[in-house]
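Peer 1: Would you mind keeping the following structure in view while I ask a few things?
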Amino acid sequence: MGIAGPWETLEVEIDGPIVVVTLNRPERLNAMSPTMLKELGLFWDEFEANKDLRVGVITGAGDRAFCSGGEVSSVADTSRKRTGVLEHELHFTPFQAKVSKPTICAVNGVCAGGGLHFVAECDFSIAARRATFVDPHVTVGQVSAIETLVLSRKIGHQAVMRMILMGSAERINSQRALELGIVTEVVDDDQLLVRAKEIAHAIAKNSPTAISLSRFVLWQGLEQPMTDALRQGFSLLRAHADHHPDAQEGPAAYMAKREATWADLEPGGPLAHRPLE
Numbered sequence: 002m003g004i005a006g007p008w009e010t011l012e013v014e015i016d017g018p019i020v021v022v023t024l025n026r027p028e029r030l031n032a033m034s035p036t037m038l039k040e041l042g043l044f045w046d047e048f049e050a051n052k053d054l055r056v057g058v059i060t061g062a063g064d065r066a067f068c069s070g071g072e073v074s075s076v077a078d079t080s081r082k083r084t085g086v087l088e089h090e091l092h093f094t095p096f097q098a099k100v101s102k103p104t105i106c107a108v109n110g111v112c113a114g115g116g117l118h119f120v121a122e123c124d125f126s127i128a129a130r131r132a133t134f135v136d137p138h139v140t141v142g143q144v145s146a147i148e149t150l151v152l153s154r155k156i157g158h159q160a161v162m163r164m165i166l167m168g169s170a171e172r173i174n175s176q177r178a179l180e181l182g183i184v185t186e187v188v189d190d191d192q193l194l195v196r197a198k199e200i201a202h203a204i205a206k207n208s209p210t211a212i213s214l215s216r217f218v219l220w221q222g223l224e225q226p227m228t229d230a231l232r233q234g235f236s237l238l239r240a241h242a243d244h245h246p247d248a249q250e251g252p253a254a255y256m257a258k259r260e261a262t263w264a265d266l267e268p269g270g271p272l273a274h275r276p277l278e
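Going by our numbering, the sequence shown opens with residue 2, and the numbers climb by one from there.
Below, the structure is given as structure tokens:
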């Protein structure tokens, strides 16, 4: 198929070394159907394998919602084959797909329930001023677990616990999301994608291998005691400095006041961050 598609539930735009994937079901507030979950898994595989693409951005179609979570009719359908759905659910974010390249979530409207997966599991998020965040799982009798568990490691236990327990009664606006660290920046609604691309292009200029290793250290550090994380981080830093050509090319390019020529990052590595199995 290739990363450009055709896709049934996604839109894909390639802009030099970056790719923007848009959840494209605006009539359903970009709710995640089984088809979308499957297509997202395939998309991240294509992104990871494409050597020309260095940064991914994910956003939603329309001006109402980024993603309203899982398709309610699918959640309520007990006749479906749960195994197949779970396979898609474990592969539809870049974190779960073990992508080794940077990813940015650009939240353009309501981000609810399962939509929080992308906010939690992309490397960082930015938001439009109209964006809001809510976790209605318990309000509709569902368990809030995976996305909020990851989010709690990034922004803190109490804020996420309050969001979980209050359900649909707790709606966080973009400014409060910025204060809590759910997003790193809030921009005018019509500038969201412009700003996301600007950030992505800035990231794409840096060493792909150094980025991959740095991401691995920070993501893995969420699961490790500090001493173990520091030991592993120093080991990777030292090995990269001693053996990888980018470690010499970067300073040489800086001193010569020229653009660096980085070595290609091999698909899947050198180390994609590895979530708990």
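Even for Gly, the Cβ is constructed at its ideal location relative to N, Cα and C.
None of these values were measured; they are calculated from a predicted model.
Could you check the C-alpha separation between T60 and V22 for me, to the nearest Å?
Peer 2: Each residue's alpha carbon lies about 7 Å from the other.
Peer 1: Could you tell me which of I15, I105, A66 and F48 sits nearest to R196, measuring between CA atoms?
Peer 2: It is I105.
Peer 1: Which of the three DSSP states is assigned to E267 in this structure?
Peer 2: Note: E267 maps to coil in three-state DSSP.
Peer 1: List, from N- to C-terminal side, the beta strand (DSSP E) runs of 3 residues or more that fit wholly inside the stretch 112 to 170.
Peer 2: The qualifying runs are 125 to 129 and 133 to 135.
Peer 1: Just mark G85 as buried or exposed, buried being the case when its beta carbon has 16 or more other beta carbons within 10 Å.
Peer 2: Note that G85 has pLDDT 44, beneath the 50 cutoff, so the model's placement of it is unreliable and no number is given.
Peer 1: Would you kindly report the start and end of the unbroken alpha helix (DSSP H) that includes L43?
Peer 2: Per DSSP, L43 belongs to the alpha helix (DSSP H) from P35 to A50.
Peer 1: With 16 as the cutoff for other CB atoms within 10 Å, does L150 come out buried or exposed?
Peer 2: Counting Cβ neighbours within 10 Å, L150 comes out exposed, since fewer than 16 surround it.
Peer 1: DSSP three-state call for L54: helix, strand or coil?
Peer 2: In the structure shown, L54 sits in coil (DSSP, three-state: anything other than H, G, I, E or B).
Peer 1: Between T262 and the rest of its own chain, which residues show a CB-CB distance below 7 Å, the 5 nearest in sequence each way excluded?
Peer 2: Excluding residues within five positions, the ones whose Cβ falls inside 7 Å are E250.
Peer 1: Can you give me the C-alpha to C-alpha distance between E88 and K258, rounded to a whole angstrom?
Peer 2: Confidence at E88 is low in this model, with a pLDDT of 48, below 50, so the placement of that residue is unreliable and no value is reported for it.
Peer 1: Can you list, in chain order, the residues of its chain whose CB lies under 7 Å from that of E278, leaving out five sequence neighbours each side?
Peer 2: Unreliable placement is indicated for E278, whose pLDDT of 41 sits below 50; the coordinate value is still reported in the next sentence. Around E278: no qualifying Cβ.
Peer 1: In three-state terms, what does DSSP make of P27?
Peer 2: Reduced to three states, the DSSP call for P27 is helix.
Peer 1: Hey, could you find the ends of the alpha helix (DSSP H) F235 is sitting in?
Peer 2: That run of the alpha helix (DSSP H) goes M227 to H244.
Peer 1: Cutting at 7 Å between CB atoms, please list the residues of its own chain near T185, excluding the five before and the five after it.
Peer 2: Counting only Cβ-Cβ distances below 7 Å, and skipping sequence neighbours, we find F125, S126 and I127.
Peer 1: Less than 6 Å between C-beta atoms, sequence neighbours within five positions excluded: which residues of the same chain meet that for Q159?
Peer 2: If we look at Q159 and ignore the five residues flanking it on each side, it has no Cβ neighbours.
Peer 1: What does the alpha-carbon distance come out to for the pair R172 and D136?
Peer 2: Distance between the alpha carbons of R172 and D136: 8 Å.
Peer 1: In angstroms, rounded to a whole number, what distance separates the CA positions of K198 and R131?
Peer 2: Looking at the two C-alpha atoms, the distance is approximately 19 Å.
Peer 1: Buried or exposed, going by whether 16 or more other CB atoms sit within 10 Å of the CB of T10?
Peer 2: Buried is the call here.
Peer 1: Locate the alpha helix (DSSP H) running through D247, then write down its first and last residues.
Peer 2: Counting along the chain, the alpha helix (DSSP H) containing D247 begins and ends at D247 to A257.
Peer 1: Between the Cα of K39 and those of A98, A62 and E14, spot the shortest distance and give me the residue it belongs to.
Peer 2: That would be A98, whose Cα lies nearest to the Cα of K39.
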